[in-house]
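Student:
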Amino acid sequence: MGKLLVVFKREYLERVRSRWFVIGTLLGPAFLLLIVGAPRLMGDRSEGSRDVARIDVIDATGTGLGNRVADALRAKYPLSRAPYVRTVDASKVPLEEDRSVLRVQRDEVLGALVLDSTTIKGDSVRYAGRNAGSHMDVDAIRNVVRNVVLADQMASAGIDAKQVDEFSHIRLDIHVQKIGDKGLEKGNPIAVILLGYGVALLLYMMIVVYGQAIMRSVLEEKSTRVAEVVVSSVDTDTLLAGKILGVGLVAITQVVSWIVLGAAALMYFPQIMGGGDAMGGVADSSMVSGAASGAAGGASAAAALVKAGLPTVPVWATIALFLCFVLGFIFYASLFAAVGAMVNSQEDVQQAATPVMLLLVSSAIFMGPIMANPTSNLAKTMSILPTSAPIIMPLRMTLVPVPWIEIVGALAGVSAACAAAIWLSGRIYRVGLLMYGKKPTIRELAKWVKEAR
Amino acid sequence: MSDLAIDIRNVVKRYDEHVAVSDLSLAVPRGTVYGLLGPNGAGKTTTIRMLLNIIVPDSGTITLLGTPHRTRGLTDRIGYLPEERGLYKKMQVRRVLRFLAELKGVPGREAERRIDEWLERLELKTADRDWGLAKVDELSRGMQQKVQFIGTLLHDPDLVILDEPFSGLDPINAQALKDSIVELKARGKTIIFSTHLMDNAERLCDSVCIIARGQKVLDGGVAEVRKAHSGRMVALAVDGDSRERIAPVLGDRTLITRVDDNNRYYELELAPGGDAQQVLRRVIDTGVPISRFELVLPSLHQIFLERVGARGVEEGMSGHG
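Same order as they appear, the protein sequences are chains C and X. When we follow our numbering, the leftmost residue of the first sequence carries the number 2, and every step to the right adds one. When we follow our numbering, the leftmost residue of the second sequence carries the number -10, and every step to the right adds one.
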């Protein structure tokens, strides 16, 4: 026990003391602010300053549609510079379009909108411009034209223009609420989705980052040859256990620091979080893989939750969640440790880690589909399969009620997988740690496992 | 209490293709300096790793300091310097040393005190600079070797096991290592080290064991081993350019089996049944001026060559010693 503590202490303290840990811990919330805040800030500005309406409107309809579209554009984008309307004969359209191309090239306008007989019928409208690649801009223009055409058609059908205007501005909000086993649940369902997403992403990220940290740590001991001195003082099982526990606690320390920092930031600067828009921003940035967005995703979800009203998370669920992390971490960490013990160089290690990474990434890939449909068979399977359960079960649990038998089953499965991984890795570790030379083949690995004592 | 520090009996370790250690028995008395000699690949490192319970023998027993070697806590009384040396590069020197000491059960405060003592003693902590506060990779190679050596001895072990301790040492550190070994012995500690440098072994060791191809070739006290091989070695020194004239004598395999030719100084190993007087007579007959003719105790180097031979050295070139 004493030696386990010594190994554990070294792994933990050396990491927590390191510059990278401090930077990561401080930048985690900063990333969150950036990712949550940036789209919001940019969105706010672009609403006003973006020159969506600074376009040529080439009107070949002969009905004055061009002017009405221009008016609507001006009304909708008051901060944008105004559109230029050219009412032309249908035969002159190609000529006018060429002229507009030149104007766009000289940056006099952003693009050219062509209204013709098909537009009046509500069939099509043509737009060419520098921003033709932007869905948002194109949609905005299309909507304006559509509303004007719709108003025209309704007016010609005898409906009052004023009424048309009112009708076309109907705003319908949907208020949703989640029903769980105990009836209606409190809290914002978007917050629930964010919680699930955030927790799953955080688990995934922590396992990836810190699992690989263990792998590198083993490789370092091997390649600096310090391993031999260490294993002459402490048996390899204790060494491996101390390593996994030490690094695991570093991960937990980091998450707790983020939560504390996030909570503090919210308390002192509540305005940075904004309202629902911010959460929209987070949802938009979903499924961007990688550590940075993972960190921000997790932390921002937590922050957004506080804002939106915490959904009720029962104590048992919190415990299950914690167990998911601990077991999942141990499972993957011991596999990563075995990989580190197998190879001798930084070049080999990434390749050797691929199978483990594939297992991990396969859980992350399915996070999107499972969030979209948490009651599907895919969700069920992935949340019970031991390799993905530590990440997918928390996700599913927060989205929909999961029968307790499935949760217990998944945890039991992961525990069994853990035991197997520890057994296997312990053996590979014991032999591999003092094996120098080329990377072992699968057959050699099997022999290591068989012969390790 | 057993008076043996190390008692190895009939130990065998096999790997797929070869037997690394075959039925090896060794007895190292307490308070002695013991040399484990052998060519590369002879099984020295395997033997040492088995002593330290890093690898497990297929059969046989090992007793260290009177206790079975797999006893819990026994490794705390052993200091080990492996052949492949290294430390955590990014860690502060003091922290590495403290970690190594704590792994051996030395309490933190006591470890700190001893670290200071050792750093000062090996001049890693001077009025100008305290290298203990530097990171390991900021140290020169020689300094890192010192740190590694401190790590081996920080817990004041009763048994010190050094695997090829002299390889890669600069002359100053090699001298410091020799001094330390002598000092440890004076304090009643047992030191066993492996080497293929016979000069070091001959000067430092009380007893030696020569192993080759995983088997013991001979063992015993250095003096006895040399005496047991005496009477068969002749030191011959001649003057002038006489090489060609004595060549036929030295080439006579009925008289001499082996010649260590140092240009004008030769060490001859007599053939079984060969007679030193006859060799002397034949050399005088050639008319070469003789400046020295002496029956000598063979050096460990010669005994090693005689017993292990060039064959053993070449065969055992692969893998760890």
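For every residue, glycine included, the Cβ atom is placed at its ideal position computed from N, Cα and C. No experiment lies behind these values; they were computed from the predicted model shown.
Please return the same chain residues whose Cβ sits closer than 6 Å to the Cβ of Arg103/X, not counting the five positions on each side in sequence.
Tutor: The residues are Leu143.
Student: For Glu15/C, write down the residues that DSSP places opposite it in a beta bridge.
Tutor: BP columns for Glu15/C are empty, so no partner.
Student: Is any beta-carbon of chain X found at less than 8 Å from that of Gly3/C?
Tutor: Chain X, which has a Cβ nearer than 8 Å to the Cβ of Gly3/C, makes this yes.
Student: Considering only C-alpha positions, which residue in the set Arg221/X, Ala226/X, Ile67/X, Thr56/X is nearest to Leu244/X?
Tutor: The candidate whose alpha carbon is nearest that of Leu244/X is Arg221/X.
Student: Chain X beta carbons: is any one of them nearer than 8 Å to that of Arg16/C?
Tutor: With 8 Å as the cut-off, Arg16/C does not count as an interface residue toward chain X.
Student: Per DSSP, what kind of secondary structure is Arg247/X in: helix, strand or coil?
Tutor: Reduced to three states, the DSSP call for Arg247/X is strand.
Student: How long is the line joining the alpha carbons of Phe326/C and Met268/C, rounded to whole angstroms?
Tutor: Taking the straight line joining both Cα atoms gives about 27 Å.
Student: Using the Cβ count rule (16 or more neighbours within 10 Å means buried), how would you classify Tyr13/C?
Tutor: Label assigned to Tyr13/C: buried.
Student: Tell me the DSSP bridge mates of Thr50/X?
Tutor: DSSP lists Arg(-2)/X as partners of Thr50/X.
Student: Runs of 4 residues minimum, wholly inside the region 48 to 105 of chain C: which ones carry the alpha helix (DSSP H) assignment?
Tutor: Runs of the alpha helix (DSSP H) inside the region 48 to 105 of chain C: 66 to 77.
Student: Of the residues Ile170/X, Leu148/X, Pro146/X, which one's Cα is nearest the Cα of Phe155/X?
Tutor: That would be Ile170/X, whose Cα lies nearest to the Cα of Phe155/X.
Student: Give the residues from the region 375 to 393 of chain C that approach chain X closer than 8 Å (Cβ to any Cβ), ordered along the chain.
Tutor: Correct list: empty, as no residue qualifies.
Student: What does Ala250/C reach in chain X if we use C-beta pairs closer than 7 Å?
Tutor: Rather than Ala, the amino acid found at residue 250/C in this sequence is Leu. Near Leu250/C there are no residues of chain X at all, since even the closest Cβ is about 17 Å away, more than 7 Å.
Student: Residues of chain C with a CB under 7 Å from the CB of Pro28/X: which are they?
Tutor: Within chain C, no residue comes near Pro28/X; the closest Cβ sits about 20 Å away, beyond 7 Å.
Student: Looking at chain C, is there any beta carbon in it that lies within less than 8 Å of the beta carbon of Gly157/X?
Tutor: No, Gly157/X lies away from the interface with chain C (no Cβ there is under 8 Å from its Cβ).
Student: What's the call for Gln1/C, buried or exposed, on a 16-neighbour Cβ count within 10 Å?
Tutor: With chain C running from 2 to 454 in the structure shown, residue 1/C is simply not present.
Student: Tell me the residue span of the alpha helix (DSSP H) that contains Thr184/X.
Tutor: No alpha helix (DSSP H) contains Thr184/X, which is instead part of the beta strand (DSSP E) from 179 to 184.
Student: Suppose you measure from the CA of Ala141/C to the CA of Ala133/C; what does that come to, to the nearest Å?
Tutor: Using only the alpha carbons, I get a separation of about 11 Å.
Student: So, do the region 396 to 412 of chain C and the region 193 to 204 of chain C have three or more beta carbon pairs nearer to each other than 8 Å?
Tutor: The region 396 to 412 of chain C, when compared against the region 193 to 204 of chain C, does touch it at the 8 Å Cβ threshold.
Student: Using the beta-carbon count (16 or more within 10 Å), is Glu256/X buried or exposed?
Tutor: The residue is buried, with at least 16 neighbouring Cβ atoms inside 10 Å.
Student: Phe282/X lies in the beta strand (DSSP E); which residues open and close that run?
Tutor: Note, Phe282/X: beta strand (DSSP E), 279 to 285.
Student: Using only alpha-carbon positions, find the residue among Asp99/C, Pro402/C, Ala353/C, Ala266/C that is nearest to Ser377/C.
Tutor: The residue with the shortest Cα to Cα distance from Ser377/C is Pro402/C.
Student: Pick from Leu128/X, Gly49/X, Gly68/X, Pro46/X: whose alpha carbon is nearest that of Val82/X?
Tutor: When only C-alpha atoms are compared, the closest one is Leu128/X.
Student: Name the DSSP beta bridge partners of Gln267/X, please?
Tutor: Partner(s): none; Gln267/X has no beta bridge.
Student: Sort out for me which residues DSSP pairs Tyr315/X with in a bridge.
Tutor: Limits of chain X in this structure are -10 at one end and 310 at the other, which puts residue 315/X out of reach.
Student: With three or more C-beta pairs closer than 8 Å as the rule, is the region 77 to 93 of chain X touching the region 134 to 143 of chain X?
Tutor: Verdict: yes, contact present.
Student: From the beta carbon of Val235/C, is the nearest beta carbon of chain X less than 8 Å away?
Tutor: So yes, Val235/C belongs to the interface.
Student: Quickly, what does DSSP pair Val115/C with across the bridge? List them, please.
Tutor: Answer is Ile59/C, Arg127/C, bridged to Val115/C.
Student: DSSP has Cys198/X in a bridge; who is on the other side?
Tutor: DSSP output for Cys198/X lists Leu25/X, Asp208/X as bridge partner(s).
Student: Just the C-alpha distance for Asn162/X and Glu109/X, rounded to the nearest angstrom, thanks.
Tutor: Going from the Cα of Asn162/X to the Cα of Glu109/X covers about 15 Å.
Student: Given a threshold of 16 other Cβ atoms within 10 Å of its Cβ, counted over all protein chains shown, does Ser48/X qualify as buried or as exposed?
Tutor: Classification for Ser48/X: exposed.
Student: Would you call the region 18 to 35 of chain C and the region 243 to 260 of chain C touching, i.e. three or more CB-CB distances under 8 Å?
Tutor: Yes, since at least three Cβ pairs between the region 18 to 35 of chain C and the region 243 to 260 of chain C fall closer than 8 Å, the two stretches touch.
Student: What three-state label does DSSP hand Arg3/X in the structure shown?
Tutor: Of the three classes helix, strand and coil, the one that applies to Arg3/X here is strand, per DSSP.
Student: Below 7 Å CB to CB, which residues in the same chain sit around Arg59/X once its five sequence neighbours on both sides are set aside?
Tutor: Excluding residues within five positions, the ones whose Cβ falls inside 7 Å are Asn42.
Student: Please identify the residue among Val206/X, Lys205/X, Lys174/X, Arg202/X whose C-alpha is closest to the C-alpha of Asp195/X.
Tutor: Ranking Val206/X, Lys205/X, Lys174/X, Arg202/X by Cα distance to Asp195/X puts Lys174/X first.
Student: If you draw a straight line from the alpha carbon of Ala342/C to that of Ala217/X, how long is it in whole angstroms?
Tutor: If I take the Cα positions, the gap works out to 48 Å.
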